[in-house]
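**Q**
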Amino acid sequence: MGTNKKSVMVIGGGIAGIQASLDLAEQGIEVKLIEKNACIGGRMAQLDKTFPTNDCSICILAPKLAECFRHPSIQLYTLSEVKDISGEAGNFKVKILKKARYVKEEECINCGTCIEKCPMRVDDEFDMLLRKRRAIYIDYVQGVPSIVTIDRDNCLFFTKGACRICEKVCEREAIDFEQQDEEVELNVGSIIVATGYDIFNPEYIETLGYGRFPNVVTALEFERLICASGPLGGHLLRPSDKAEPKKLAFINCVGSRDIKNNPYCSSCCCMYTTKEAMIAYEHDNELETSIFYIDLRAAGKGFRDYIERGHNEYAINYIKGKVAKILQDEANNPVIVYEDINTSKVKQIKFDLVILATSMVPKKDASKLSNILGVELDEYNFFKGGFYHPQKSSKEGIFLCGACREPMDIPNSVIDGSGAAAKAAEIVMRE
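The letter at position 336 of the sequence shown is residue 330 when you use the working numbering, and the numbering goes up by one with no holes.
#1: With respect to the alpha helix (DSSP H) encompassing Val163, which residues constitute its N-terminal and C-terminal limits?
#2: Can you name the start and end residues of the alpha helix (DSSP H) that Ser338 belongs to?
#3: What is the DSSP secondary structure of Ile313, counted as helix, strand or coil?
#4: If you draw a straight line from the C-alpha of Glu167 to the C-alpha of Gly36, how long is it?
#5: Could you please give the first and the last residue of the uninterrupted alpha helix (DSSP H) stretch that includes Ile109?
#6: Let me know the beta strand (DSSP E) ranges lying completely inside the segment 174 to 224, each 3 residues or longer, listed in chain order.
#7: Which word fits Lys26, buried or exposed, when buried means at least 16 other C-beta atoms lie within 10 angstroms of its C-beta?
#8: Which stretch, first to last residue, makes up the beta strand (DSSP E) that contains Lys362?
#9: Could you tell me if Val317 is buried or exposed, where buried requires 16 or more neighbouring beta carbons within 10 angstroms of its beta carbon?
#10: Whole beta strand (DSSP E) runs in the segment 231 to 317 with 3 or more residues, listed along the chain?
#11: Taking 8 Å as the threshold, find out whether the segment 42 to 53 comes into contact with the segment 86 to 96 through three or more Cβ pairs.
#12: Are the CB atoms of Ser388 and Val182 nearer to each other than 8 Å?
#13: Taking only the alpha-carbon atoms, compute the straight-line gap between Leu16 and Tyr71 and give it to the nearest angstrom.
#14: Under a three-way DSSP split, which group does Gly81 fall into?
#15: Can you give me the C-alpha to C-alpha distance between Glu75 and Ala10, rounded to a whole angstrom?
#16: Between which two residues does the beta strand (DSSP E) holding Gln21 run?
#17: With Phe393 as the anchor, note down where its beta strand (DSSP E) starts and where it stops.
#18: For Ala414, which residues of its own chain have a beta-carbon under 7 Å away from its beta-carbon, when the five flanking residues on both sides are left out?
#19: How about Val348 and Val138: are their beta carbons less than 8 Å apart?
#20: Per DSSP, which residues does Ser74 bridge with? Please list them.
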């Protein structure tokens, strides 16, 4: 067990956890960064652009990923989960389960030969199941650590006792089917929770047709469709027939500001639908785009100007109206039925592709982790922060940051990560 009490464990390797880790490491504090996936990066790695500058998301994120990996004060534990915590602020004892990668991390150089030769293809979770990946894979091209992972649940060797092609073609002999899960014990002075959020499943709202109508997609699926590294190579095509859409609709507040699902506002949907409409327009400046909204909430610096740019420079049509349902015609075109709030009339408009701005919801395992940590959740199952000190949890020495405590965008997640790091540093730097 590590005995350095001037260390902090950060749970979650998204942008908030990365920022917290880097801030702490720059102060000379040892960081244990725990990530349950094979690579760090979180949701930001899935995005094409970021608002309000429309800069390339991975171009901003990639240097932080590399810095996190190379920093001498940061130790990454990927494919890892917290199993038990005891102790108190200044002296927490932690047990984590580090799952087997079945690849020797010190030998793999991510040459890609094993991926090319693997015969097994399964749905790619990173690309929102819009394309296939192999049973040996890396989450995404710029993924850190740049090491492949074997998907035990789909690998032919583990499921049928056959294949082992990856082992045969690996010149560095990095494949290790005998690798076992490992329990690691750590001793840290403070803990930061930065586990992020999940996406609301719009299938719960049957009237919107998601899952039944092929040309109704979520905003994150659309983000992958238009991304240059996505399944379509950055070409804007609709799923049903791979035709170029000429008329797009975005529906805000899907699963949020809704007493039947989540009554809270997800805070950034108005902004990211505007961003996605802008990006779509840059693909084809003859596109007609409409955004259906209840209220436009753009409270950040420059956010209102961004909305105005969308309307004036990108010809986005903002429609204040509540969508009642989505129908589908014989050509798989979605038809939106909505109430125009300004006229109180029910109207219908046909589109080629409809994008649902789904709400941000707590992680499915939030309750399990809160029980392990001994901290409280709020009424929606987000981690509960203090009223005056929102990064403070209900337990001394454990801090919160990013969308695990409430819906927030990337800039606020970065700020939150820095805030949590400052508070954790106070604990571990006490004499």
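Beta carbons are placed, not taken as given, at the ideal position from N, Cα and C, and that holds for glycine.
Since we're looking at a predicted model, the values are computed, not measured.
**A** Inspection of the coordinates gives the following:
#1: 159 to 163
#2: Counting along the chain, Ser338 falls outside any alpha helix (DSSP H), and DSSP gives it neither H nor E.
#3: strand
#4: The straight-line gap from Cα to Cα measures roughly 30 Å.
#5: 107 to 111
#6: 176 to 182, 184 to 187, 210 to 212
#7: By the Cβ-count criterion, Lys26 is buried, with 16 or more other Cβ atoms from all chains shown falling within 10 Å of its own Cβ.
#8: Unbroken run through Lys362 is the alpha helix (DSSP H), 360 to 367; no beta strand (DSSP E).
#9: When all chains shown are included, Val317 counts as buried.
#10: 241 to 248, 282 to 287
#11: no
#12: No, the Cβ-Cβ distance between Ser388 and Val182 is not below 8 Å.
#13: One C-alpha to the other measures close to 15 Å.
#14: Gly81: strand per DSSP, three-state reduction.
#15: 18 Å
#16: First-last for Gln21: undefined, no H or E at that position.
#17: Judged by DSSP secondary structure, Phe393 falls within the beta strand (DSSP E) whose first and last residues are 392 to 394.
#18: Ala14, Ile186, Gln385, Phe393, Leu394, Cys395
#19: no
#20: DSSP output for Ser74 lists Lys92 as bridge partner(s).
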